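Worksheet for the structure shown next.
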Amino acid sequence: MQLYDLLPEDVFLHGDAMEWLADPDARRRAARIGDEVLAHGLADHQLLAGIAAENHGWLGARGIFVLLRGLDDALWYVNPFNPIIDRGGLDWLSTRYLTTGRLNDDQQIPGALLPRCAFPGEPRGRGHKADHFAVHRVPPEYLRAKLNYARVGNENDPCFLPEQEVKIACAPFLRDFAELRITYGHNNGVAKYRLAPMDAAEINGRGIRERMACVLRKMDRAGAQIGVLPEGCLSKDMLETWRDVATGTASKDSSVTPLRWLILGSGPVDGGDPPHNRAVLIDRRLGDTLLIHDKLERFTLDQEQVRTWKLPPPPAALPLLEDISCGSKLSVLESSLGRLAILICQDLTAVSGWEREGASIGLSHLFVPVFSKPIRRYRWEHNAAADLANHHGTWVVVSNSLTVANAMAAPPRARWYTCLVLGPNNASREFYALKEQFGRATNAHELAFTTKARRRVLPTVHAAAVRAAWFTWAEKPADASGRSTPPQASRYDSASE
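Residue numbers for the sequence shown follow the working numbering, so the first one is 6 and each next one is one higher.
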């Protein structure tokens, strides 16, 4: 981490690092450093510096770069998103990561060093320092000011395998405005609105628990492992009802109830004045809260949206500012799925408040409950998700309700959707390709299926992984037994696309 901080970004922007990458002598020295660390489990500072500087007496950025590449080769073996089992002498470091969620001891070096689990979804010239390494160096100021980072407990982790296909079930859950409570007000001359679901006992007065149980049964029958609900359908009362129904319908047998994680949409869970618009992820079997996210950006409804969305009752003043307390941090959960976070609607496009920190920590999955008009191709959700997949390699899942679609009387045969799942579609990043999956449910308790080979199927994401092909460094270190490693392409034993 100290070496990384010392290495200037300029050597990558000016192309110096590309020249060093092409130098066989530099690659040989880095491989020797990786061998040494992997075999002994510790870095002998004097020995490694000697290897980096021998013969030519390299000093400065070039020597630091060679040291870093050698250390990076050794850390490859403790990356849990890489199915290499042999840790060599670095078992202790793997244990530290599994225990703390960090490779480093943050009492000695502040910030975080994390295994890479995502990579930009487009072919790229190696223009930035971070692109050259299979770890993420997260600055301490990001963790203090903008990130809540935690590792999921073993008892709550579904134990996905690298690049495993994971089925996602998005359910609209809310049917129309009759199931929502919209209130208007003024504060300091600004017109505002609040959005919340009716209480569990109030929605239609016809058994919301039965609707919850129906949605969960359908998710289980479809083989979904993660369920996602939209914005606006959660409150304190609804959260506790969901938790009770979810655990009450769960089985310890994953073949019976495969659904493990449930993102319960968002709403005024905390009861503040103004409340946060809060999203909650729970463990379906145990009922534990695993992650919460408070919406970072207020949304403003303009006159045209109020008219076309047919908001009831018509407000007296426009435009309308969302009346919430905003969150200040992005909550990130480390798990076998990858490094995941939740955003809420407007957060997806207002990236200035979180994208830099999200990139530094290496987000692999984003789940986005929204309250909006129907999802369509090449609109704001699609464009924002494609940017994240291309620039950061992030899988994005967007889930919408039927509330506005039904109010607008969206044509039944038109190409509109209630969910979007999008991510990189070329694992080796050799060409531009995104996997785009649009799904639609036509009833509140249905799931949004997509079509594949004329069959209705749930959309999927891939669990996180790291591939040697992402890094242009031909020589790899020896394994712990001293044998030469296989060629780069076979070092990651994953299924071909």
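All C-beta atoms, glycine included, are put in the ideal place defined by N, C-alpha and C. Note that the structure is a prediction, hence the values are computed from the model and not measured.
- A Cβ-Cβ contact shorter than 9 Å links Pro379 with Val409.
- With a cutoff of 9 Å on beta-carbon distance, Ile268 and Ala229 are scored as not near each other.
- Judged by DSSP in its simplified three-state form, Pro145 adopts helix.
- Per the Cβ contact rule, the region 343-359 is not in contact with the region 425-443 (fewer than 3 Cβ pairs under 8 Å).
- Counted as a single uninterrupted DSSP element, the stretch harbouring Thr456 is not any alpha helix (DSSP H) but the beta strand (DSSP E) occupying residues Thr455 to Lys457.
- Counted as a single uninterrupted DSSP element, the alpha helix (DSSP H) harbouring His45 occupies residues Pro29 to His45.
- Between the C-alpha atoms of Val71 and Arg222 there is a straight-line separation of about 54 Å.
- Residue burial annotation: Lys315 is exposed, with fewer than 16 other C-beta atoms found within 10 angstroms of its C-beta.
- Annotation for Ala201: the continuous beta strand (DSSP E) segment containing it runs Val195 to Pro202.
- Comparing alpha-carbon positions, the option among Asp162, Leu325, Met224 and Lys151 lying closest to Ser357 turns out to be Lys151.
- Look at Asp288 here: in three-state DSSP terms it is strand.
- Taking 9 Å as the cut-off, the beta carbon of His137 is found closer than this to the beta carbon of Phe17.
- Rounded to whole angstroms, the gap between the alpha carbons of Arg121 and Asn84 is 7 Å.
- Cβ-Cβ distances below 8 Å link Leu295 to Val157, Asn161, Trp266, Leu286, Ile287, Asp288 and Leu338 in the same chain, with the five nearest sequence neighbours on each side left out; the list follows chain order.
- In this chain, Ala218 is not harboured by any beta strand (DSSP E); it is covered by the alpha helix (DSSP H) spanning Ile213 to Arg226.
- The region 245-257 makes no contact with the region 184-198; the number of CB pairs closer than 8 Å stays below 3.
- In this structure, Gly75 sits away from Arg129, with a CB-CB distance that is not shorter than 9 Å.
- Given a length threshold of 3 residues, each whole run of the beta strand (DSSP E) inside the region 241-291 is given here in chain order: 266-272 and 283-288.
- The Cβ neighbour count for Gly132, taken over all protein chains shown within 10 Å, is under 16; the residue is labelled exposed.
- With 16 or more other Cβ atoms inside 10 Å of its own Cβ, Pro464 counts as buried.
- Assigned with DSSP and collapsed to three states, His19 falls in coil, not helix or strand.
- Counting other Cβ atoms within 10 Å of its Cβ, Ala139 reaches 16 or more and is therefore classed as buried.
- Nearest Cα to Asp96 within the set Leu80, His467, Ala117 and Leu26: Leu80.
- Taking C-beta separations shorter than 8 Å and ignoring five residues to either side along the sequence, the partners of Arg344 in its chain run Leu119, Cys122, Ala123, Val337, Leu338, Ile366, Gly367, Leu368, Ser369, His370 and Ala469, following chain order.
- As for any alpha helix (DSSP H) of minimum length 4 sitting wholly inside the region 339-379, the runs are 360-366, ordered along the chain.
- Taking the Cα positions, Met413 is about 7 Å away from Thr313.
- Buried is the label assigned to Glu184, since at least 16 other Cβ atoms lie within 10 Å of its Cβ.
- Partner residues in the beta bridge of Asp299, as assigned by DSSP, are Arg283.
- Taking all protein chains in view, the Cβ of Gly212 is surrounded by fewer than 16 other Cβ atoms within 10 Å, so the residue is classified as exposed.
- Rounded to whole angstroms, Tyr383 and Ala394 show a C-alpha spacing of 14 Å.
- With a threshold of 16 other beta carbon atoms within 10 Å, Val261 falls short and is exposed.
- In this structure, DSSP gives Leu80 a helical state, which the three-state scheme calls helix.
- Under DSSP, Thr188 shares a beta bridge with Arg199.
- Going by DSSP, Gly444 is part of the beta strand (DSSP E) stretching over Leu439 to Gly444.
- Here DSSP, grouped into helix, strand and coil, assigns Ser330 to strand.
- Val409 carries a helical assignment under DSSP once its states are collapsed to helix, strand and coil.
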